[in-house]
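Take a look at the structure set out below.
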């Protein structure tokens with residue numbers, strides 16, 4: 713009887729092969745582990761673990777190379793998009809992604825972020841936005857909310873002196889280079905599934921040559937926020953999601969274009985110097 717029952721059993725949940733069997737260094741309740749698992753599930757399902765090269769940041773995920781089973785490169789603070797660009801250009805057949813926090817991507821690395829996006833590099837960027845510097849002790853980040861208390865804004869972020877938070881997804885949407893931008897979160901099973909779908913689409917876009925894809929994950933930092941994981945998710949839903957609304961910001965394929973370059977050409981169709989072929993057609997007539 714026992715033998716018959718064991719034959720009928722099947723595995724419904726297991727560690728992804730791309731996620732190495734090691735203990736992570738993330739704080740209890742930190743969503744980094746959820747997101748990294750989703751990336752690994754995506755690599756497994758697409759069968760690209762051996763063809764993928766990831767670029768680790770400086771920040772809480774600085775030793776992600778210990779967790780991902782694919783090839784990994786450590787980049788200097790903020791330089792992951794530049795490193796990913798170089799890797800992709802040297803190895804255009806590989807799947808290249810960067811995994812970055814808000815201090816790394818939106819502060820010291822903002823120039824690299826903007827220029828990789830505006831060039832439309834065919835890479836995938838996973839952006840963890842927890843509105844604070846995590847690894848270095850909880851300082852105010854470019855994404856910290858107005859009046860949010862941090863180690864360097866003990867009375868709350870004063871927008872009169874520190875400016876308003878940066879909505880990175882909307883900022884990149886102003887550029888012609890990106891093909892796909894979506895903001896997700898992982899605070900519930902439903903939203904975890906949506907995040908997984910977005911991450912998988914971003915990787916598939918790269919494989920298909922659609923162009924630069926950017927996935928922003930609105931996250932929490934229970935340790936530096938001084939909250940339990942449950943309270944942190946509640947605070948995130950109440951305060952962060954109204955400022956950083958979830959959803960697709962851009963999807964050129966859904967808009968009917970084959971890739972980002974085609975979409976960009978359509979947007980600048982009225983610019984003569986950008987379309988010399990039209991002048992040539994006019995002369996031919």
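Residue numbers (the working numbering): 713 to 997. Here a beta-carbon is modelled for each residue, glycine too, at the ideal position from N, C-alpha and C.
Do residue 825 and residue 793 come within 7 Å of each other at the CB atom, strictly closer than that value?
Locating residue 793 in the chain shown gives position 81, where the first residue counts as 1. Locating residue 825 in the chain shown gives position 113, where the first residue counts as 1. In contact: residue 793 and residue 825 (Cβ atoms closer than 7 Å).
Are residue 887 and residue 829 close, meaning C-beta to C-beta below 7 Å?
Locating residue 887 in the chain shown gives position 175, where the first residue counts as 1. Locating residue 829 in the chain shown gives position 117, where the first residue counts as 1. Yes, the Cβ-Cβ distance between residue 887 and residue 829 is below 7 Å.
Could you give the distance in angstroms between the alpha-carbon of residue 713 and the alpha-carbon of residue 728?
The count along the chain shown starts at 1 and reaches residue 713 at position 1. The count along the chain shown starts at 1 and reaches residue 728 at position 16. Caution is warranted here: a pLDDT of 49 is assigned to residue 713, below 50, making its placement in the model unreliable, and the coordinate value is therefore given only provisionally. Computed Cα separation, rounded: 31 Å.
Which word fits residue 855, buried or exposed, when buried means at least 16 other C-beta atoms lie within 10 angstroms of its C-beta?
Residue mapping note: residue 855 aligns to position 143 of the chain shown, counting from 1. Buried.
Are the region 756-772 and the region 843-860 in contact at 8 Å, needing three or more beta carbon pairs?
yes
Does the Cβ-Cβ distance between residue 809 and residue 732 come in under 7 Å?
To locate residue 809, count along the chain shown from 1; it is residue 97. To locate residue 732, count along the chain shown from 1; it is residue 20. Contact flag unset, no.
Taking only three categories from DSSP, how would you classify residue 777?
Here residue 777 corresponds to residue number 65 of the chain shown, with the count starting at 1. Of the three classes helix, strand and coil, the one that applies to residue 777 here is helix, per DSSP.
Flag this pair as yes or no: are the beta carbons of residue 891 and residue 922 separated by less than 7 Å?
Locating residue 891 in the chain shown gives position 179, where the first residue counts as 1. Locating residue 922 in the chain shown gives position 210, where the first residue counts as 1. A contact, by the Cβ cut-off of 7 Å.
Tell me whether the beta-carbon of residue 730 lies closer than 7 Å to the beta-carbon of residue 757.
Locating residue 730 in the chain shown gives position 18, counting from the first residue. Locating residue 757 in the chain shown gives position 45, counting from the first residue. Going by C-beta atoms, residue 730 is not nearer than 7 Å to residue 757.
For residue 988 and residue 823, the rounded distance between their alpha carbons
On the chain shown, position 111 is the one that residue 823 refers to. On the chain shown, position 276 is the one that residue 988 refers to. Approximately 30 Å, taken between the alpha carbons.
Three-state class that DSSP yields for residue 738 in the structure shown
Within the chain shown, the letter at position 26 stands for residue 738. If DSSP states are grouped into helix, strand and coil, residue 738 belongs with coil.
Which one or two residues does DSSP pair with residue 894 in a beta bridge?
Here residue 894 refers to the residue found at position 182 of the chain shown. Its beta-bridge partners are 927, 960.
Quick check on the DSSP output: what are the complete beta strand (DSSP E) runs of length 3 or more inside the region 814-857, in order along the chain?
836-841
In three-state DSSP terms, what is residue 945?
Reading the chain shown from its first residue, position 233 is the one you call residue 945. Helix, per DSSP.
In three-state terms, what does DSSP make of residue 805?
Taking the first residue of the chain shown as position 1, residue 805 is located at position 93. Coil.
Identify, in the order they occur along the chain, each residue of the same chain with its Cβ nearer than 7 Å to the Cβ of residue 737, setting aside the five sequence neighbours on each side.
As a working note, residue 737 is residue 25 in the chain shown. So the list reads 775, once near-sequence residues are dropped.
For residue 767, which three-state DSSP category applies?
Here residue 767 is taken as the residue at index 55 of the chain shown, counted from 1. Residue state, collapsed to three classes: strand.
Suppose contacts are defined by Cβ-Cβ distances below 7 Å. Is residue 924 in contact with residue 889 by that definition?
The sequence position of residue 924 within the chain shown is 212, counting from 1. The sequence position of residue 889 within the chain shown is 177, counting from 1. Yes.
Simplified DSSP state of residue 786, which is helix, strand or coil:
Residue numbering aside, residue 786 sits at position 74 when the chain shown is read from its first letter. Note: residue 786 maps to strand in three-state DSSP.
Can you name, in chain order, every residue of its own chain whose Cβ lies under 6 Å from the Cβ of residue 986, other than the five neighbours on each side?
Taking the chain shown and counting its residues from 1, the one referred to as residue 986 is at position 274. Only 980 meet the Cβ criterion.
Is it a yes or a no for the region 928-940 touching the region 735-752, going by three-plus beta-carbon pairs under 8 Å?
yes
For residue 755, which residues in the same chain have their Cβ closer than 6 Å to its Cβ, ignoring the five residues on either side in sequence?
On the chain shown, position 43 is the one that residue 755 refers to. If we look at residue 755 and ignore the five residues flanking it on each side, its Cβ neighbours are 730, 761, 764.
Exposed unless 16 or more other CB atoms sit within 10 angstroms - verdict on residue 873:
Reading the chain shown from its first residue, position 161 is the one you call residue 873. Result: exposed.
Which residue comes first and which comes last in the alpha helix (DSSP H) that contains residue 986?
To locate residue 986, count along the chain shown from 1; it is residue 274. It is not in any alpha helix (DSSP H) - residue 986 carries neither H nor E in the DSSP assignment.
C-alpha distance - residue 751 paired with residue 982, whole-angstrom precision:
Here the question's residue 751 lines up with position 39 in the chain shown. Here the question's residue 982 lines up with position 270 in the chain shown. The alpha-carbon atoms of residue 751 and residue 982 are separated by roughly 40 Å.
First and last residue of the uninterrupted alpha helix (DSSP H) at residue 721:
Position 9 of the chain shown, counting from 1, holds the residue named residue 721. Run containing residue 721: none; DSSP gives neither H nor E here.
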